[in-house]
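Quick notes on the structure that follows.
Residue numbers (UniProt numbering): 1 to 266.
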């Protein structure tokens, strides 16, 4: 349900998200595997400092943080259908979708589902650090690995501190979430089955990311029917944390192009 200047009554957003003065565009943000909406807690402040003119709306997925009591989705299609149903009314303002790692995979799937049914689309799709859907998944983060091995792989990538990865109680509590999220993004499509999106793609990748090296990120270009841009960033898979200021500066430049560029794509 939509209120005046706020979006309410959907578990995927905070109960009351004010419409910032001068915010001409909404930026919906989806988290990485094992992550949550809190990853974007400071993005509004930082993007405001860059004069972006956007409202940041972190998406809260079930089974984590404030929604930890809710069951997680086991199938990507089911999650996308639920997101589409709950967020359809809030996608009436001009918007951009952003996703990092798992969030990129979900954001693309959501955009594709909305395109297929003729719903209003985002003005652009911004993706970072995930393979394109027609690229086979890596086994570096193997959801079938035991907790200790999976935690070590995640720590190697910079996803969690090594201090936590070595704690058995932490692994027992956290690895099931990571494992479920990884399985959610295990889908793969034949290259002949690619459906290009009717929106521009903006792609970000870390130069030292061995989980999603440059060719796997560049492969997204085949999914951009309205063109794409690929930018490399310093850092590895989690450059969104280690080089957040640089990323947000570049992201502010990207979203500025879409604040007053006409109606959302359909």
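By construction, the Cβ of each residue, glycine as well, lies at the ideal position given by its N, Cα and C atoms.
Cutoff 8 Å; reference residue 175; Cβ partners in own chain excluding five residues on either side: For the purposes of this step, residue 175 is taken as the residue at position 175 of the chain shown. So the list reads 147, 150, 151, once near-sequence residues are dropped.
Less than 8 Å separating the beta-carbons of residue 114 and residue 125? Sequence index remark: in the chain shown, residue 114 carries index 114 (1-based). Sequence index remark: in the chain shown, residue 125 carries index 125 (1-based). No, these two residues do not count as a Cβ contact at 8 Å.
Taking the C-alpha atoms as reference points, what is the distance between residue 193 and residue 132? In the chain shown, the residue the question calls residue 193 occupies position 193. In the chain shown, the residue the question calls residue 132 occupies position 132. Cα-Cα distance, rounded: 12 Å.
At which residue ranges does the stretch 64-125 contain complete beta strand (DSSP E) runs of 3 or more residues, listed in the order of the chain? 95-100
Less than 6 Å between C-beta atoms, sequence neighbours within five positions excluded: which residues of the same chain meet that for residue 188? In the chain shown, residue 188 corresponds to position 188, counting from 1. Answer for residue 188: 136, listed in chain order.
Rounded C-alpha distance that separates residue 170 from residue 198: As a working mapping, residue 170 is identified with position 170 in the chain shown. As a working mapping, residue 198 is identified with position 198 in the chain shown. Cα to Cα, the separation comes out at about 42 Å.
Just the Cα atoms here: how many angstroms apart are residue 183 and residue 143? Counting from one through the chain shown, the residue named residue 183 turns up at place 183. Counting from one through the chain shown, the residue named residue 143 turns up at place 143. Each residue's alpha carbon lies about 6 Å from the other.
Assign residue 267 to one of two classes, buried (16 or more other C-beta atoms within 10 Å of its C-beta) or exposed (fewer than that). Nothing can be reported for residue 267: it is not among the residues displayed for the chain, which extend from 1 to 266.
Chain-order list of residues whose beta-carbon lies under 6 Å from that of residue 254 (same chain, five-residue window excluded): Reading the chain shown from its first residue, position 254 is the one you call residue 254. Excluding sequence neighbours, residue 254 sits near 202.
For the alpha helix (DSSP H) containing residue 238, name the first residue and the last one. Here residue 238 is taken as the residue at index 238 of the chain shown, counted from 1. Per DSSP, residue 238 belongs to no alpha helix (DSSP H) and is neither H nor E.
Burial state of residue 191 (16 or more Cβ within 10 Å): Counting from one through the chain shown, the residue named residue 191 turns up at place 191. Classification for residue 191: exposed.
Give me the Cβ distance between residue 127 and residue 104, rounded to the nearest whole Å; I'm assuming they're in contact under 8 Å. Position 127 of the chain shown holds residue 127. Position 104 of the chain shown holds residue 104. The pair is a contact, with the Cβ atoms about 4 Å apart (cut-off 8 Å).
Range covered by the alpha helix (DSSP H) that runs through residue 255: Counting from 1 along the chain shown, the entry for residue 255 is found at position 255. 244-256 is the extent of the alpha helix (DSSP H) around residue 255.
Give the secondary structure of residue 141 by DSSP, where H, G and I count as helix, E and B as strand, and everything else as coil. Locating residue 141 in the chain shown gives position 141, counting from the first residue. When DSSP states are grouped into helix, strand and coil, residue 141 belongs to the coil group.
Rounded distance between the beta-carbons of residue 196 and residue 227, thought under 8 Å: Along the chain shown, one-based indexing puts residue 227 at 227. Along the chain shown, one-based indexing puts residue 196 at 196. Taking 8 Å as the upper bound for CB-CB distance, residue 227 and residue 196 are not in contact here, some 10 Å apart.
At which residues does the alpha helix (DSSP H) containing residue 215 begin and terminate? As a position in the chain shown, residue 215 is number 215, starting the count at 1. Segment 214-218, the alpha helix (DSSP H) holding residue 215.
If we require 3 or more residues per run, which beta strand (DSSP E) segments fall completely within the stretch 123-196? 124-128
Residue 31 to residue 43, Cα distance in whole Å? Here residue 31 is taken as the residue at index 31 of the chain shown, counted from 1. Here residue 43 is taken as the residue at index 43 of the chain shown, counted from 1. Within the model, the alpha-carbon separation for residue 31 versus residue 43 is close to 13 Å.
Would you mind reading off the limits of the alpha helix (DSSP H) that contains residue 46? What you label residue 46 is simply residue 46 of the chain shown in a count that begins at 1. Per DSSP, residue 46 belongs to the alpha helix (DSSP H) from 43-49.
Taking the alpha carbon of residue 154 as the reference point, which residue from 167, 173, 178 has its own alpha carbon closest? Sequence index remark: in the chain shown, residue 154 carries index 154 (1-based). Checked all of 167, 173, 178; the closest Cα to residue 154 is 178.
Do residue 14 and residue 86 have their C-beta atoms closer together than 8 Å? Indexing the chain shown from 1 puts residue 14 at position 14. Indexing the chain shown from 1 puts residue 86 at position 86. If you check the CB distance, residue 14 and residue 86 do not come in under 8 Å.
What is the DSSP secondary structure of residue 228, reduced to helix, strand or coil? Within the chain shown, numbered from 1, the residue matching residue 228 stands at position 228. Correct three-state label for residue 228: strand.
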